[in-house]
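Let me begin by presenting the structure, written as C-alpha cells, before commenting on it.
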Amino acid sequence: MLEVNHLSISFLQYEKGLKQQQLKVIKDLSVSVHSGEILAVVGSSGSGKSLLAHAILGILPTNATTEGTIYFDGVKLTPEKKEEFRGKEISFVPQSVNFLDPLMRVGTQVRNAARGASTSAQRKAFERLRLAKDVEQKFPFQLSGGMARRVLASTAMVSGAKLIIADEPTPGMDPTVIKEALKYFRELADSGCTVLMITHDIGAALEIADKIAVFYAGTTVESAMVNDFSGDGRLLRHPYSKALWRALPQNDFLPIPGSQPLPYANLPGCLFEPRCAFATTECRQDEPKPREIRNGIVRCIHAT
Ligand SMILES: Nc1ncnc2c1ncn2[C@@H]1O[C@H](COP(=O)(O)OP(=O)(O)OP(=O)(O)O)[C@@H](O)[C@H]1O
Ligand code: SF4
Ligand SMILES: [Mg+2]
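Be aware that the sequence shown starts at 1, since it is given in UniProt numbering, and climbs by one per residue.
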C-alpha cells in the first residue's frame with residue numbers, strides 16, 4: 001500500500017536581487033492506494049500531479065524542500081529508500097519523453113530500466129502496444145511522440161514492480177492503443193500491483209481506476225470512488241470535482257469560469273473560493289481541513 005501523508009513541497013526561489021523566498025506549491029496533500037488498486041489523479045494543469053510522482057520517486061529538483069511522510073508497503077520512503085526502490089519496487093512512466101536516454105536503443109533501455117527484463121517480455125509488451133518488431137533497435141529520436149510513450153509504458157509493464165506510477169501515459173497514442181495500455185494497467189493491478197495513474201483523461205480514469213483523487217492548486221480537494229462520478233455528479237462532494245465532471249463533453253460541457261490561483265497568491269481561506277458558486281464568508285477565513293464524508297474525503301466546509 002502507498003500512503004502519502006501531509007506532503008508539502010516548496011521551492012527556494014530568488015526574488016529581485018539576492019532575496020530568497022520559499023514558494024509552497026504543494027500543501028498538505030494526502031493520498032492512499034492499496035495493492036490491487038488503481039488510484040487516478042486528475043486535476044488542472046499546474047495542480048501538482050507530477051510533483052507528487054517526483055516526490056514519491058525522490059527525483060525532485062535540488063531546490064525543493066519537502067515535509068510530510070510517504071510509506072510504501074509499511075516502509076517509510078526516506079531519500080535512501082527511494083533511491084533503492086526506484087526502477088525496482090517502484091516503476092515510473094514519466095510525463096516527458098525526455099526521460100529516454102537519447103544514446104541507447106529503446107529495446108535495451110526498456111530491458112535495463114525494468115530490472116533486466118527478458119527480451120521476450122519486452123517483445124510481448126511492444127507487441128501488445130502495437131510497436132513493430134524493428135522498434136527495439138531504434139534510438140529515441142527515430143520515434144514519434146506516441147511511439148516514445150508506448151516505449152515508456154512498456155518499461156512499467158515488464159518491470160515486475162510492486163508500485164507503478166504513470167504520469168500521463170497515453171497522450172499521442174491512438175484510441176486502440178490507449179485501450180490496450182489501460183487494460184494492461186488494470187491487469188497489473190489485478191495481479192497485485194499498486195498503480196497511481198495521473199491523467200487529464202477522466203474518461204480513461206473512470207474505465208480502469210478504483211478511486212479518483214481530484215487535485216486543485218497543490219492539494220487534494222476530494223478523494224472519491226469511481227462510481228461517484230456518474231449522472232449529474234450529485235454523489236461528488238467538492239464543488240470543483242462537480243464542475244470538472246460537468247465540464248466533460250459527454251456531460252454539460254460547462255466551462256469553469258476563472259483560473260486556478262498561483263502558488264504565491266497566498267489566499268487565506270479555501271483555494272477554490274474565487275471560483276465557487278457556493279462560497280460564503282466563512283470560506284474566506286481558514287483553509288478547509290479534509291473531512292471524511294460518505295466513504296470519501298473532501299476539503300470543503302459546506303460539503304455534505
Ligand atoms: N522546479 C520548479 N520550480 C518552481 N516551481 C515548480 C517547479 N516544478 C513545478 N513547479 C510548480 O509546481 C506546480 C505544480 O507543478 P506540476 O508539474 O506538478 O503540475 P501538474 O499538475 O503535473 O501539471 P500538468 O498537468 O501540466 O502536467 C506548478 O505551479 C509549477 O509551476
Ligand atoms: S469551502 Fe466554500 S468556497 Fe471552498 S469549495 Fe466549499 S463552498 Fe466552495
Ligand atoms: Mg504534470
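Even glycine gets a Cβ: it sits at the ideal position worked out from N, Cα and C. Remember, it's a predicted structure, so these values are computed and weren't measured experimentally.
Original post:
Are the segment 286-299 and the segment 222-236 touching, with three or more C-beta to C-beta distances below 8 Å?
Top reply: yes
**OP:** Could you tell me which residues DSSP pairs with MET225 in its beta bridges?
**Re:** LYS211
**OP:** Rank LEU163, PRO239, ILE198, GLU136 by C-alpha distance to the C-alpha of MET104 and give the top, closest one.
**Re:** GLU136
**OP:** Note down, in chain order, each residue of its chain lying with its Cβ closer than 8 Å to the Cβ of TRP245, except the 5 sequence neighbours on either side.
**Re:** ILE202, PHE229, GLY233, LEU236, ASN251
Original post:
What is the rounded straight-line gap between the Cα of ALA166 and the Cα of ARG86?
Top reply: 13 Å
Original post:
Straight-line CA distance for CYS283 to CYS270?
Top reply: 6 Å
**OP:** From the DSSP output, in three-state form, read off THR199 for me.
**Re:** coil
Subject >> Sheet register partners of TYR71 (DSSP bridge) >> reply: GLU3, LYS76
Original post:
How would you write the range of the beta strand (DSSP E) that LYS291 sits in, first residue to last?
Top reply: Before going on, a small fix: residue 291 reads as Arg here, not Lys. Segment 291-293, the beta strand (DSSP E) holding ARG291.
**OP:** Quick one: measure Cβ to Cβ for CYS193 and ILE164, integer angstroms, because I've assumed they're closer than 8 Å.
**Re:** 6 Å
Original post:
Between the C-alpha atoms of SER191 and GLN122, what's the straight-line distance to the nearest angstrom?
Top reply: 18 Å
Original post:
Excluding sequence positions up to five away, which residues of its chain have a Cβ less than 6 Å from the Cβ of ALA125?
Top reply: SER154, MET157, VAL158
Subject >> Exposure label - GLN285; buried when at least 16 CB within 10 Å >> reply: exposed
Subject >> Sequence-ordered residues whose beta carbon comes within less than 7 Å of a heavy atom of ligand 3 >> reply: LYS49, SER50, GLN95, ASP167, GLU168, ILE198
**OP:** Would you decide whether GLY74 is buried or exposed? Buried here means 16 or more other CB atoms lie within 10 Å of its CB.
**Re:** exposed
Subject >> Candidates VAL151, GLY172, PHE139, LEU188: closest to GLY160 by CA position >> reply: LEU188
Subject >> VAL221 CB to nearest heavy atom of ligand 1 below 6 Å >> reply: no
Original post:
Ordered along the chain, which non-local residues of its own chain (more than five positions away) have a Cβ less than 6 Å from that of HIS54?
Top reply: LEU60
**OP:** Would you list the residues sitting across from PHE272 in a DSSP beta bridge?
**Re:** For PHE272, which the question treats as bridged, DSSP gives no partner whatsoever.
Original post:
Just the Cα atoms here: how many angstroms apart are GLY231 and LEU248?
Top reply: 12 Å
Subject >> Extent of the continuous beta strand (DSSP E) to which residue 308 belongs >> reply: Outside the displayed span of the chain (1 to 304) sits residue 308, for which this structure offers no information.
Original post:
CA-CA distance, MET197 and ALA40?
Top reply: 5 Å
Original post:
With distances taken from CA atoms, which of ASP28, ALA277, PRO169, HIS34 is nearest SER10?
Top reply: ASP28
Subject >> Chain-order list of residues whose beta-carbon lies under 8 Å from that of ILE256 (same chain, five-residue window excluded) >> reply: TYR240, ALA243, LEU244, ALA247, ARG275
**OP:** Compute the minimum distance between the beta carbon of SER45 and the heavy atoms of ligand 4, and state whether it is under 6 Å.
**Re:** The model on display carries ligand 1, ligand 2 and ligand 3 but not ligand 4.
Original post:
Taking buried to mean at least 16 other C-beta atoms within 10 Å of its own C-beta, is GLN142 buried or exposed?
Top reply: exposed
Original post:
Measuring CA to CA, which of GLU83, PHE215, LEU18 is closest to GLY43?
Top reply: PHE215
**OP:** Have a look at GLU83, GLU80, ARG130, GLY145 and flag the residue whose alpha-carbon is nearest the alpha-carbon of LEU100.
**Re:** GLY145
Original post:
So ILE26 packs on SER8, CB below 8 Å; how close in whole Å?
Top reply: 6 Å
Original post:
From ASN295 to ARG111, what distance separates their C-alpha atoms?
Top reply: 41 Å
Subject >> Beta-bridge pairing of GLU38 - partner residues as DSSP gives them >> reply: The displayed chain sequence assigns Ile, not Glu, to residue 38. Answer by DSSP bridge pairing, in chain order: VAL195.
**OP:** Determine which residues share a DSSP beta bridge with ASP167 and list them.
**Re:** ILE198
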